[in-house]
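Pasting the structure below:
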């Protein structure tokens, strides 16, 4: 029998919390008004959060609060106040990504159980082990990981693992997308993604020929309902439904579908109330099982929003069918309905594969003009419509009024319980101690017995007998709430043992409630652990690094970074560099490193940005060799875990999203000696961090900026779409082209030899005299893309000397056309 994974449901409102509980969720996740990655959702006030936590715990549902955005120094005081409030609520966990917040929580709020957000960018086993070592209780695995890898990691770790089960997919790896912030200043890392992947694009090849157009980087929605038995067998601990911005009806319907699916996969008898068609009707952009099952065809270029369900097509009408007695601005539209469908007044329709236009069904008529209540499968009906739609156009129902009314009613059923109601959940498994959980008034306790369920000599225990014994709570001061249980098929406990479980867990619950009441009488509770004062000392402490620096007139170190390994002849023509960054996996890396060091240039070897377990194996093998490096530039937690005992200098790359001073404290604690600053920070924020960092600070000053990295190939060549046994079906042949958006902006696109897609900003980052004010930056980094040797030498010379000249100006061959200062002046929301 498969273990039941936790069913984790989203909630953006109080109504969605109630819907999730009614739907059968084991846990919910939601955020407050600030610091969560769905800032555009309605979200909840502090009072609503407190009420939601109590309501969930009364029904045996766990609560995880999201604090999963990047946080600025200026926001730390508010973060502390938020944490002081949350620590009073007996939460089951916090979901986080920001390195500085992780430092704050581990040093000042150790009582919280921590979980990684998908924005934290964990890619494989070594990353999971890193967070296990930090004391996290759970890690979420990337949506780009296969189920085989999930099962393998589960066998090799002790920490809980969570995967995505249903909902919207991002095109880019989470936590590594800058497209929204660079286009419009709305940062996905700060919870305000403008969803550029749902926009319309044209794709051109390297010869400027149009390849295709549509919603080219819009993924289908994830749906693993039909794979729940094998998913449960992987041992994964939690299945996450995405959708904090979705309606309560969506939350109830999808949660209910997965509740029934998980229970059925575990062998329970289930009466199905939400079928596959209803799931499709609630919301879909077409469905995929995603990378979890190595599906190659994950994108849906035809539609970027809810498609609904295909129900028929538009047909021509005879002249006698054109009198619908409706408003003159509307025209009669004939519809032939497919079998087994129904059309009702109040439904919503969309026309064609792209679904760009649609209508609400305000009335339904027969072809002869007689009004009718509904249209049934196989019939031809007429509706008023303001759009002219050609005959033969496919017709989708994207809103089913009857279904949504039903989901609304079922999802909003009253959850009221007496204040003293106690809920029980029992776990009776062969080979494991008998366990019971009791929850009331927002508190939950667990009692694990010293006796074990046994194989029955005659008849196994049944739920009726368990329920009878556990419900005997007279005289305890509690009223009976909900009793749920997980029992093996052939298991036995005596009545006296069940009584012991009930009595002992109620003793623990009574004690915990008493302790909680004692805490709540203290008026200073919100500030009993930390105020902003000691935190300000952390943020504003003068680092030893600056005390050792030479005068402010000292020139910055100039560093040049290569994504692909350059030829030796190319390298030998470059002068004026203090440092070169080479790809660790590049050909001839040891030889080229040695040549550069002979010229007095320090060399950092850069690990791949995305390191799944297969790539980590390659990196581990290379690290055993003599590579002559001065240090490593690391792009992920997998590399950090591999290098945690190295004596070499280690620098954290852009992908670590260093956004505040406490992030530099965390990195120093983890053995990291330097970090590249986030490209989303404004000048004043950069200055504050660099002035108070205890590790070296690197500022990107020139180069093409990567906006997305993705495992979802958009070129659509034959090899990418053919599934191959034992592979993802991705083609590893390098390709290039460009995406053109609806405003005419161009974004270069490249596919590397790993099969990963890289989308770049069309304008080149070029910071000039303004960076001289950032006196505490140690290194200026130039990123080589495809510049000529002549232009590259000009760029290096500029940052070596020209920028320091009294009268600022640009040398010949180095202009500002096609360049940007990025977020340096504008910042992000």
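In this note's numbering, the protein residues as written are 18 to 846.
A virtual CB, placed ideally from N, CA and C, is assigned to each residue, including glycine.
- Per the C-alpha coordinates, the member of 571, 276, 694 positioned closest to residue 116 is 694.
- Rounded to whole angstroms, the Cβ separation of residue 714 and residue 692 is 7 Å, and the two are in contact under 8 Å.
- By the neighbour-count criterion, in which 16 or more other beta carbons inside 10 Å mark a residue as buried, residue 251 falls on the buried side.
- Around residue 396, the same chain offers 354 as residues with beta carbons nearer than 7 Å, after the five sequence neighbours per side are excluded.
- Counting along the chain, no beta strand (DSSP E) covers residue 278; the unbroken alpha helix (DSSP H) around it starts and ends at 265-282.
- In this structure, DSSP gives residue 187 a state outside helix and strand, which the three-state scheme calls coil.
- Here the region 261-280 does not lie against the region 212-228, with fewer than 3 beta-carbon pairs under 8 Å apart.
- Spatial neighbours of residue 185 in its own chain (CB-CB distance under 7 Å, excluding positions within 5 residues in sequence) are listed in chain order as 238, 259.
- Boundaries for residue 426: no beta strand (DSSP E) harbours it, while the alpha helix (DSSP H) harbouring it runs 418-428, taken from the DSSP string.
- When Cβ pairs closer than 8 Å are counted between the two stretches, the region 592-606 is seen to touch the region 631-641, the count reaching three or more.
- Membership of residue 808 in the alpha helix (DSSP H) is indicated by the continuous run 806-817.
- In the structure shown, residue 460 falls within a strand segment according to DSSP collapsed to helix, strand and coil.
- Around the Cβ of residue 288, a 10 Å sphere holds fewer than 16 other Cβ atoms; the residue is exposed.
- Counting along the chain, residue 98 sits inside the alpha helix (DSSP H) bounded by residues 93-103.
- Per DSSP, residue 519 has no beta-bridge partner at all.
- If you check the CB distance, residue 781 and residue 726 do not come in under 8 Å.
- DSSP places residue 221 in the uninterrupted beta strand (DSSP E) bounded by 218-222.
- Per the Cβ contact rule, the region 303-315 is in contact with the region 152-169 (3 or more Cβ pairs under 8 Å).
- Rounded to whole angstroms, the gap between the alpha carbons of residue 357 and residue 392 is 11 Å.
- A straight line joining the alpha-carbon of residue 779 with that of residue 464 spans about 59 Å.
- According to the DSSP secondary-structure assignment, residue 44 is paired through a beta bridge with 25, 79.
- In the structure shown, the three-state DSSP call for residue 596 is strand.
- Rounded to the nearest angstrom, the gap between the Cα atoms of residue 44 and residue 79 is 4 Å.
- Within 10 angstroms of the beta-carbon of residue 62 lie fewer than 16 other beta-carbons, which makes it exposed.
- The distance from the Cβ of residue 120 to that of residue 679 is about 5 Å, consistent with a contact at the 8 Å cut-off.
- For residue 439, the enclosing beta strand (DSSP E) starts and ends at 438-445.
- With respect to residue 508, residue 447 sits close: the two C-beta atoms are nearer than 8 Å.
- The beta carbon of residue 408 sits closer than 7 Å to the beta carbons of 331, 332, 333 from its chain, once the five residues preceding and following it are set aside; these are given in chain order.
- According to DSSP, residue 694 shares a beta bridge with 675.
- The beta-carbon distance between residue 594 and residue 620, rounded to whole angstroms, is 10 Å. This is too long to meet the 8 Å contact definition.
- Excluding five sequence positions before and after residue 806, the CB atoms of its chain that fall closer than 6 Å to its own CB belong to 590, given in chain order.
- Residue 261 is classed as buried because its beta carbon has at least 16 other beta carbons within 10 Å across all chains shown.
- Around the beta carbon of residue 414, 16 or more other beta carbons lie within 10 angstroms, which makes this residue buried.
- A straight line joining the alpha-carbon of residue 305 with that of residue 315 spans about 6 Å.
- Residue 613 is a Cβ neighbour of residue 588, given a cutoff of 8 Å.
- Scanning its chain for C-beta atoms nearer than 8 Å, with the 5 sequence neighbours on each side dropped, one finds around residue 88 the residues 52, 96, 115, 117, 118, 676, 677, in chain order.
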